[in-house]
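The block underneath contains the structure these notes are about, expressed in structure tokens.
In the numbering used here, the protein residues as written are 69 to 364.
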């Protein structure tokens, strides 16, 4: 039977896209408006991200080889152990277009911040089995100050794409585990690799989400094997980066980085710090953080 409707002008699939877009439109519109006002109020990107731009510059100068250190930030330079993907992207944009690096840090994070609402909505819709709840969750994430602070600002050239890859990958994982559809193994593997090569904290978020999906939907040997293919496969595909870093600096550079800025190794201090939240911000911060998760 043809997908054409009675009028013969719009397919069933196109009708589905339009319906989903209507539910997602409030979040997208809000995100675009916030991005517009951010650009109007920030002729210079918030939080600077000078180190990130310097990394991209050094990569370009080295002919797109991994730099060993990044100068100026300490006496001997900062050992370069950062996941490199977005620094290569920024370097490539600069080299191909000649766009000012400040312009990149003003526009790229905001564009991605709008785009990642799409996989967020799809993930919420399928998890909650409710379009209204998914639309509300997407809207709240779109305007949530704690989320915007790190994604629309200059450092969002790394964090916003990492969130995009992670959300899309978790949606792929939902289809892989809940539907047990093998076709989602490759997209999941690719998206996990991209996340590993972008930001370590979002990598942990991705991996923990897959573990929860495994527990909820597919506690079988095949489910375990699928997760192993995605997890270990992603680490192997990212090996050209982390093996080179270990050859330069050893494994200690990763261990040291994991304990900074509330990172992976600093998880316990980060949890403990939640107890000492200032009363003026405790209620609002908690609401904005919890509501998107609940989807209500």
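From the three backbone atoms N, C-alpha and C, an ideal C-beta is built for every residue, glycine too.
Boundaries (first-last residue) of the alpha helix (DSSP H) holding residue i
i, result
"residue 300", "289-305"
"residue 175", "169-183"
"residue 240", "224-246"
"residue 219", "213-219"
"residue 114", "Counting along the chain, residue 114 falls outside any alpha helix (DSSP H), and DSSP gives it neither H nor E."
"residue 256", "253-264"
"residue 133", "Here residue 133 belongs to no alpha helix (DSSP H), and DSSP marks it neither H nor E."
"residue 277", "268-285"
"residue 157", "153-165"
Rounded C-alpha distance that separates residue i from residue j
i, j, result
"residue 91", "residue 222", "29 Å"
"residue 297", "residue 284", "19 Å"
"residue 315", "residue 306", "15 Å"
"residue 71", "residue 84", "Because the pLDDT of residue 71 is 46, which lies under 50, any placement of that residue in the model is unreliable, and the number read from its coordinates should be weighed accordingly. Between residue 71 and residue 84, the C-alpha separation is close to 12 Å."
"residue 193", "residue 278", "18 Å"
"residue 299", "residue 257", "7 Å"
"residue 119", "residue 145", "11 Å"
"residue 217", "residue 203", "21 Å"
"residue 310", "residue 149", "8 Å"
"residue 128", "residue 166", "12 Å"
"residue 135", "residue 200", "47 Å"
"residue 87", "residue 93", "10 Å"
"residue 133", "residue 115", "27 Å"
"residue 301", "residue 255", "12 Å"
Strand pairing of residue i, partner residues [DSSP]
i, result
"residue 138", "146"
CB contact below 9 Å: residue i versus chain D
i, result
"residue 289", "Structure shown: chain D not included; a single protein chain is present."
- the region 147-163 contacting the region 196-209, beta-carbon criterion three pairs below 8 Å: Flag = no, the region 147-163 and the region 196-209 do not touch.
- Query: Would you call the region 259-278 and the region 229-237 in contact, with 3 or more CB pairs under 8 Å?
  - Reply: yes
- Three or more beta-carbon pairs under 8 Å between the region 177-186 and the region 128-147, yes or no? no
- Counting pairs of Cβ atoms below 8 Å between the region 161-176 and the region 124-131, do you hit three or more? yes
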